[in-house]
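K.L.:
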Amino acid sequence: MTVSPEEKLDSLNIILPPPPRPAGQYQPAYLVENVLYLSGQGPRNEEGQFLTGRLGSDITVSVGYSAGRNVALQILSIAKDTLGDLSRIDSVIKLSGVVNACDSFVDHAKVVDGCSDLLVEVLGTKGHHTRSVMGANALPFGMILQVDAILLIK
Numbered sequence: 004m005t006v007s008p009e010e011k012l013d014s015l016n017i018i019l020p021p022p023p024r025p026a027g028q029y030q031p032a033y034l035v036e037n038v039l040y041l042s043g044q045g046p047r048n049e050e051g052q053f054l055t056g057r058l059g060s061d062i063t064v065s066v067g068y069s070a071g072r073n074v075a076l077q078i079l080s081i082a083k084d085t086l087g088d089l090s091r092i093d094s095v096i097k098l099s100g101v102v103n104a105c106d107s108f109v110d111h112a113k114v115v116d117g118c119s120d121l122l123v124e125v126l127g128t129k130g131h132h133t134r135s136v137m138g139a140n141a142l143p144f145g146m147i148l149q150v151d152a153i154l155l156i157k
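Quick note on numbering: the numbering used here labels position 81 of the sequence shown as 84, and the sequence is numbered without any gaps.
1. Using only alpha-carbon positions, find the residue among F53, D88, F144, I17 that is nearest to L76.
2. Would you give the residue range spanned by the beta strand (DSSP E) that K11 belongs to?
3. Measuring straight from C-alpha to C-alpha, what distance separates V38 and I156?
4. Do K129 and V150 have their CB atoms nearer than 8 angstroms?
5. Going by the CB atoms, is the gap between R134 and G100 shorter than 8 angstroms?
6. Would I147 and T63 be called neighbours here (beta carbons separated by less than 8 angstroms)?
7. Find out if the Cβ-Cβ distance for the pair L90, P8 is shorter than 8 angstroms.
8. Residues bridged to I156 by DSSP?
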């Protein structure tokens, strides 16, 4: 028997946050035929405020990884709000992650692994994806990382 993404979230005791409101003049998601494009998302606390900091300065890889998992929840929340049902996701095509980091920081991929790992936990093989990761000296609102996603929809 196949477990739905919503059932998997329940089994992991994960409740999706409400979909975040755009922080500017853009759409959080745009569906074109069977491809859903999701705007860059950053980790947020329960009040909806961005989690901030720089890897290699005041944020550890472990905290960054947790922030990456948080971003996956934002992505899933927006997808559910847009599609009505996460079972409509046929696959995660690509993630693009940018990590707020010091010049000497080199573990960017380990931070974005948090996002990738949670998507695979929830979506199974449909969560496997291509990915690019890079670092930046600053991100909007000082957020720890930002990830955008492209999903194939049934």
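Even glycine gets a Cβ: it sits at the ideal position worked out from N, Cα and C.
Model, not experiment: these values are computed from the prediction.
P.N.:
Per the coordinate set shown:
1. A check of alpha carbon separations from L76 across F53, D88, F144, I17 identifies I17 as the nearest.
2. From DSSP, K11 is part of no beta strand (DSSP E) but of the alpha helix (DSSP H) over 8–14.
3. Answer to the nearest angstrom: the Cα atoms are 6 angstroms apart.
4. Not a contact, by the Cβ cut-off of 8 angstroms.
5. Result yes, Cβ atoms of G100 and R134 sit closer than 8 angstroms.
6. For the pair I147 and T63, the CB atoms are not nearer than the 8 angstroms cut-off.
7. Just to set this straight, residue 90 is Ser in the shown sequence, not Leu. Pairing S90 with P8 gives a Cβ-Cβ distance under 8 angstroms.
8. DSSP lists I92 as partners of I156.
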